[in-house]
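Visitor: Chains as they are written, first to last, in this note's numbering: chain U, 9 to 248; chain F, 104 to 331; chain P, 961 to 1176. Each residue gets a CB set at the ideal place from its N, CA and C atoms; glycine is no exception. One structure, pasted below without further comment.
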Amino acid sequence: MTLLQARGLVKRFGTFVALDGVDLDLQRGERLVICGPSGSGKSTLIRCINRLEQPDSGAITIEGLPSTNLQALRRRVGMVFQQFNLFPNLTARENVAVAPRKLLGLSRTEADARAETLLERVQLAGHADKLPSGLSGGQQQRVAIARALAMEPVLMLFDEPTSALDPEMIREVLDVMVELGQGGMSMIVVTHEMGFARRAADRIGFMDQGRIVAMAPPQEFFDAPPHPRLVRFLDNILGH
Amino acid sequence: MDPVFMAEVLVRLLPPLGLTILLSVTALAIATPLGLALGAWRAELPDRHPAARLIDAWVFFVRGTPILIQIFAVYFILPKLGLQPPLFVMGVGALVGNSAGYQIEIGRAAVQSVPKGQWEAALALGFDRRASLRQFILPQAARRMVGPVMNELSQLIKASSVLSVITLFELHKAAEAISSANLRFSEVIVVEGFLYFVFIFGISLIAKAVERRLSAAGGLADAGSFAR
Amino acid sequence: MSFDWAAFFEYLPRLIKAAGVTLQVSLLSLGLTCLLAPLLAMGRLLGPPPLRATVQAFIEVIRGLPPLVVIAFCYFALPKIGVVLSGFWCGVLALGVVGAVYAAEIIRSAIESLGKGQLEAALALGFARWRAVLDILLPQALRRILPPLTNEFANLIKASSLLSVISVHEISQVGQSLIFETFVVIEILVQMAVLYLIIIGGVSFLSRRLEKGLAE
Chain U
9 MTLLQARGLV
19 KRFGTFVALD
29 GVDLDLQRGE
39 RLVICGPSGS
49 GKSTLIRCIN
59 RLEQPDSGAI
69 TIEGLPSTNL
79 QALRRRVGMV
89 FQQFNLFPNL
99 TARENVAVAP
109 RKLLGLSRTE
119 ADARAETLLE
129 RVQLAGHADK
139 LPSGLSGGQQ
149 QRVAIARALA
159 MEPVLMLFDE
169 PTSALDPEMI
179 REVLDVMVEL
189 GQGGMSMIVV
199 THEMGFARRA
209 ADRIGFMDQG
219 RIVAMAPPQE
229 FFDAPPHPRL
239 VRFLDNILGH
Chain F
104 MDPVFMAEVL
114 VRLLPPLGLT
124 ILLSVTALAI
134 ATPLGLALGA
144 WRAELPDRHP
154 AARLIDAWVF
164 FVRGTPILIQ
174 IFAVYFILPK
184 LGLQPPLFVM
194 GVGALVGNSA
204 GYQIEIGRAA
214 VQSVPKGQWE
224 AALALGFDRR
234 ASLRQFILPQ
244 AARRMVGPVM
254 NELSQLIKAS
264 SVLSVITLFE
274 LHKAAEAISS
284 ANLRFSEVIV
294 VEGFLYFVFI
304 FGISLIAKAV
314 ERRLSAAGGL
324 ADAGSFAR
Chain P
961 MSFDWAAFFE
971 YLPRLIKAAG
981 VTLQVSLLSL
991 GLTCLLAPLL
1001 AMGRLLGPPP
1011 LRATVQAFIE
1021 VIRGLPPLVV
1031 IAFCYFALPK
1041 IGVVLSGFWC
1051 GVLALGVVGA
1061 VYAAEIIRSA
1071 IESLGKGQLE
1081 AALALGFARW
1091 RAVLDILLPQ
1101 ALRRILPPLT
1111 NEFANLIKAS
1121 SLLSVISVHE
1131 ISQVGQSLIF
1141 ETFVVIEILV
1151 QMAVLYLIII
1161 GGVSFLSRRL
1171 EKGLAE
């Protein structure tokens, strides 16, 4: 069943064309990884899906419905940022609980309970009372994942979630994401982590100059790259 | 509202506007080098040094009292000491004393905002403190002073209006005189306000543009104060 | 030039009473500032474009005027449109509005200094823009707002001296008329300065304490 359908997405920043007519379908429960050189439009694409960027033209439907109500749309779509963007004045628990409490009308106890469960799920059970400044980058990013999950989204977007992390912390974040995917969450992940893509993705898309130029299951994507520019990209990123 | 009268007022207010600008620019020209130099010097002095205490006392007085009091002090005390300078000199004197007090803080903050690593690098190369300050620290600090000092000019234009209380015929006093002579207050105030606004807003636009060009250096935040 | 302690103590009570008026008028304008500033800041940040432009124009105009002109406007021009206020309330209105404009800029720049990421994170969770600002950004910005805001209070006290020109009996007006009445200059000037230093120094002290407290 189709969860997300995007047709003809175009986004320009001044004269720069970030998205040049992108079509994308995502099935429920599907895990899609998007990679590509910097400036190819990957981040813009997922930022258009929850409308942090307003596409200049094109249409997006989620669960068959066009996203007329911005807030309703964003409540159903979770997002994890490259720079975590945790709220620095709130503890880990409060970061996770704030949206359910303020937006879904949960009581403080209910919201806190939900936060505890989610923090446990991202292996941070003992860190609920810490402020973001007291957490490592990897821990912060896992709190950010829990925060997005707290709204019980039908789709999770990850915008280069490990790019700002030290190498030894990348693994712990990716493990959480793999587990999330195995649990049936629909996900779109923009990342350069090809190991993760091979391990966890159902399909991998390759973007270049504002278009998705290749899209294939991992096996085919890596073993028989369907596009010459993808071959070069994979050589650069994997092949030394 | 009578546009003919307002046009007339506008023309009559131009010379006093000139005096306002002359007062402010003269005061800035004296207070800026004085204040920034003292501020940079103060940044390097230990707190217990007598000169540091003197500078601190000046800053404390200037920032802790309204400029009106400072103007009164100049206006009433100088004659007691047997000095009777022209009003213009008294006015500039009061503005300089006030502005330098604020600019000492600008200079000091700018010097102290240069990262410690810059000092260490200069000292490690074998420069002494004085040479390090002149060669490396001040040029970096100077960029951070540009915005606040331009802001200081609009502060001075605003502050100079208070000189009306010692009957110095700058823009505000002149406007007051015209309006009470004609008993047409609102029209005169609108014209007066327009003249102040054009200048102060103009300066703020220029300051913003300059700040943006220098922003790589990280300007000091605009204190955003409105009263002196 | 010698210091006349007898004169000093003779006039001190009148100036202390005037200091009470200074405090009163400053506190009331601070109240008005605290009421108006958030409205202006939110109008500027969240309002529909025409409101945003109007608020911004208002802020720029007031910032481009000496406070003395705003005071004169309230005192001389407002009666023309039927708003007649006593000198005291006129002063409260003028200072409150001027203070609010600067305080609104403090609030706005504090919120904008939090960076785009915080706003985006809140939006991505499904907060509407205005709720993101009020629920997520404002509490964070508060610690950057309060210290400069107390500093604005010190500015209000300084600006209250300008109300002497519309005969509000605060420190500057009372001191000035005493000087002209008695020709006792130095003693009265010292009293005025010391009273201001005590009040403003006290406020700055509180401001620094607050800043330190919030930094922890």
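From this set, U:89, U:116 and U:68, which residue's C-alpha is nearest residue 81 (chain U)'s C-alpha?
Guide: The sequence position of residue 81 (chain U) within the first sequence is 73, counting from 1. The option with the nearest alpha carbon to residue 81 (chain U) is U:68.
Visitor: For the stretch 154-179 of chain F, which residues have a beta carbon sitting closer than 8 angstroms to at least one beta carbon of chain P?
Guide: Of all residues in the stretch 154-179 of chain F, 163, 164, 166, 167, 168, 169, 170, 171, 172, 175, 176 and 179 have a Cβ within less than 8 angstroms of some Cβ in chain P.
Visitor: Out of U:155, U:224, U:157 and U:185, which one is the CA nearest neighbour of residue 168 (chain U)?
Guide: In the first sequence, the residue the question calls residue 168 (chain U) occupies position 160. Of the listed residues, the one whose Cα sits closest to residue 168 (chain U) is U:185.
Visitor: The beta strand (DSSP E) with residue 329 (chain F) in it runs from where to where?
Guide: Residue mapping note: residue 329 (chain F) aligns to position 226 of the second sequence, counting from 1. First-last for residue 329 (chain F): undefined, no H or E at that position.
Visitor: Note down, in chain order, each residue of its chain lying with its Cβ closer than 8 angstroms to the Cβ of residue 322 (chain F), except the 5 sequence neighbours on either side.
Guide: Taking the second sequence and counting its residues from 1, the one referred to as residue 322 (chain F) is at position 219. Low per-residue confidence applies at residue 322 (chain F): pLDDT is 43, beneath 50, and the placement is therefore not dependable, though the value from the model is reported in the following sentence. Here the set comprises 246, 247, 249, 250, 251 and 314.
Visitor: Terminal residues of the continuous beta strand (DSSP E) containing residue 24 (chain U)?
Guide: Numbered from 1 along the first sequence, position 16 holds the residue referred to as residue 24 (chain U). Element bounds for residue 24 (chain U): 24-35.
Visitor: Can you tell me which of F:300, F:291, F:329 and F:118 puts its alpha carbon nearest to the alpha carbon of residue 108 (chain F)?
Guide: Translated into the one-based positions of the second sequence, residue 108 (chain F) becomes position 5. Here the closest residue by C-alpha is F:291.
Visitor: Got a sec? Which residues, its chain only, sit under 7 angstroms from residue 113 (chain F) by beta carbon, not counting five neighbours each side?
Guide: Counting from one through the second sequence, the residue named residue 113 (chain F) turns up at place 10. The residues are 294.
Visitor: Using alpha carbons as the reference points, say which of P:1152, P:1169, P:1173 and P:1175 lies closest to residue 167 (chain F).
Guide: As a first step, residue 167 (chain F) is located in the second sequence; it is residue number 64 there, counting from the start. The candidate whose alpha carbon is nearest that of residue 167 (chain F) is P:1152.
Visitor: Could you check what DSSP says for residue 986 (chain P) in three-state terms: helix, strand or coil?
Guide: Position 26 of the third sequence, counted from the first residue, corresponds to residue 986 (chain P). Helix, per DSSP.
Visitor: Does residue 1171 (chain P) come within less than 8 angstroms of chain U when only Cβ atoms are used?
Guide: Along the third sequence, one-based indexing puts residue 1171 (chain P) at 211. Residue 1171 (chain P) does not count as touching chain U.
Visitor: Please go through the stretch 1103-1160 of chain P and give each complete alpha helix (DSSP H) segment of 4 or more residues, from N-terminal end onward.
Guide: Within the stretch 1103-1160 of chain P, the complete alpha helix (DSSP H) runs of at least 4 residues are 1131-1142.
Visitor: What ranges does the alpha helix (DSSP H) occupy inside the stretch 288-317 of chain F, keeping only unbroken runs of at least 4 residues that lie completely in it?
Guide: Whole alpha helix (DSSP H) segments, 4+ residues: 288-317.
Visitor: Since residue 196 (chain U) is in the beta strand (DSSP E), which residue starts that stretch and which ends it?
Guide: By one-based count along the first sequence, residue 196 (chain U) stands at place 188. Here the beta strand (DSSP E) through residue 196 (chain U) covers 194-198.
Visitor: How many whole angstroms separate the CB atoms of residue 1028 (chain P) and residue 1125 (chain P), which I take to be in contact at a CB cut-off of 8 angstroms?
Guide: Here residue 1028 (chain P) refers to the residue found at position 68 of the third sequence. Here residue 1125 (chain P) refers to the residue found at position 165 of the third sequence. Yes, residue 1028 (chain P) and residue 1125 (chain P) are in contact; Cβ-Cβ is about 7 angstroms, under 8 angstroms.
Visitor: To the nearest angstrom, how far is it from the Cα of residue 55 (chain U) to the Cα of residue 234 (chain U)?
Guide: Counting from 1 along the first sequence, the entry for residue 55 (chain U) is found at position 47. Counting from 1 along the first sequence, the entry for residue 234 (chain U) is found at position 226. For residue 55 (chain U) and residue 234 (chain U), the distance between alpha carbons rounds to 26 angstroms.
Visitor: Near residue 1005 (chain P), which residues of its chain fall below 7 angstroms by C-beta distance, leaving aside the five closest residues on each side in sequence?
Guide: The residue given as residue 1005 (chain P) occupies position 45 in the third sequence. Result list for residue 1005 (chain P): 1068, 1071 and 1093, in chain order.
Visitor: So which residues of chain F does residue 1152 (chain P) contact, with C-beta pairs closer than 7 angstroms?
Guide: Position 192 of the third sequence, counting from 1, holds the residue named residue 1152 (chain P). Correct list: 172.
Visitor: Are any of the Cβ atoms in chain P nearer than 8 angstroms to that of residue 320 (chain F)?
Guide: Position 217 of the second sequence, counted from the first residue, corresponds to residue 320 (chain F). For residue 320 (chain F), the predicted structure reports a pLDDT of 45, less than 50, and the residue's modelled location is therefore unreliable. A value from the coordinates is still provided. Taking Cβ atoms only, chain P never reaches closer than 8 angstroms to residue 320 (chain F), which makes this a no.
Visitor: Contact defined as beta carbons within less than 8 angstroms: I believe residue 1078 (chain P) pairs with residue 1096 (chain P). What is the distance between those atoms, to the nearest angstrom?
Guide: Here residue 1078 (chain P) corresponds to residue number 118 of the third sequence, with the count starting at 1. Here residue 1096 (chain P) corresponds to residue number 136 of the third sequence, with the count starting at 1. Correct: roughly 7 angstroms between the Cβ atoms.
Visitor: Taking all protein chains shown into account, do 16 or more other C-beta atoms lie within 10 angstroms of the C-beta of residue 319 (chain F), making it buried, or fewer, making it exposed?
Guide: Taking the first residue of the second sequence as position 1, residue 319 (chain F) is located at position 216. Caution is warranted here: a pLDDT of 49 is assigned to residue 319 (chain F), below 50, making its placement in the model unreliable, and no coordinate value can be reported.
Visitor: Opposite residue 41 (chain U) in the DSSP bridges: which residues?
Guide: Here residue 41 (chain U) refers to the residue found at position 33 of the first sequence. Beta-bridge pairing links residue 41 (chain U) to U:197 and U:212.
Visitor: Pick from U:151, U:114, U:71 and U:117: whose alpha carbon is nearest that of residue 91 (chain U)?
Guide: Here residue 91 (chain U) refers to the residue found at position 83 of the first sequence. The shortest Cα separation from residue 91 (chain U) among U:151, U:114, U:71 and U:117 belongs to U:151.
Visitor: In whole angstroms, what is the alpha-carbon distance linking residue 178 (chain F) and residue 1054 (chain P)?
Guide: Here residue 178 (chain F) refers to the residue found at position 75 when the second sequence is read from its first residue. Here residue 1054 (chain P) refers to the residue found at position 94 when the third sequence is read from its first residue. For residue 178 (chain F) and residue 1054 (chain P), the distance between alpha carbons rounds to 27 angstroms.
Visitor: Quick one: does residue 1147 (chain P) have its CB under 8 angstroms from some CB of chain F?
Guide: Taking the first residue of the third sequence as position 1, residue 1147 (chain P) is located at position 187. Residue 1147 (chain P) does not count as touching chain F.
Visitor: Kindly indicate the opening and closing residues of the alpha helix (DSSP H) around residue 235 (chain F).
Guide: Position 132 of the second sequence, counting from 1, holds the residue named residue 235 (chain F). First-last of the alpha helix (DSSP H) with residue 235 (chain F): 232-235.
Visitor: How many whole angstroms separate the CB atoms of residue 182 (chain U) and residue 160 (chain U), which I take to be in contact at a CB cut-off of 8 angstroms?
Guide: Start at 1 with the first residue of the first sequence, and residue 182 (chain U) comes out as number 174. Start at 1 with the first residue of the first sequence, and residue 160 (chain U) comes out as number 152. That belief does not hold up - the Cβ atoms of residue 182 (chain U) and residue 160 (chain U) are roughly 22 angstroms apart, past 8 angstroms.
Visitor: If residue 274 (chain F) sits next to residue 236 (chain F), beta carbons under 8 angstroms apart, how far is it from one beta carbon to the other, in whole angstroms?
Guide: Taking the first residue of the second sequence as position 1, residue 274 (chain F) is located at position 171. Taking the first residue of the second sequence as position 1, residue 236 (chain F) is located at position 133. About 40 angstroms; that fails the 8 angstroms criterion.
Visitor: How big is the Cα-Cα spacing for residue 116 (chain U) and residue 105 (chain U)?
Guide: Position 108 of the first sequence, counted from the start, is the residue given in the question as residue 116 (chain U). Position 97 of the first sequence, counted from the start, is the residue given in the question as residue 105 (chain U). Approximately 8 angstroms, taken between the alpha carbons.
Visitor: Could you spell out the range, first to last residue, of the alpha helix (DSSP H) harbouring residue 172 (chain F)?
Guide: Position 69 of the second sequence holds residue 172 (chain F). Looking at the DSSP string, the run of the alpha helix (DSSP H) that includes residue 172 (chain F) is 170-183.
Visitor: Starting from residue 216 (chain F) and walking both ways along the alpha helix (DSSP H), at which residues does that stretch end?
Guide: Along the second sequence, one-based indexing puts residue 216 (chain F) at 113. That run of the alpha helix (DSSP H) goes 190-216.
Visitor: Rounded to whole angstroms, what's the CA-CA distance from residue 331 (chain F) to residue 255 (chain F)? Just pull it up for me.
Guide: Looking up residue 331 (chain F) in the second sequence gives position 228. Looking up residue 255 (chain F) in the second sequence gives position 152. If you take the alpha carbons of residue 331 (chain F) and residue 255 (chain F), they lie about 11 angstroms apart.
Visitor: With a threshold of 7 angstroms on Cβ separation, who are the neighbours of residue 1137 (chain P) within its own chain once the five nearest residues in sequence on each side are excluded?
Guide: Your numbering for residue 1137 (chain P) matches position 177 in the third sequence. No residues qualify anywhere along the chain.
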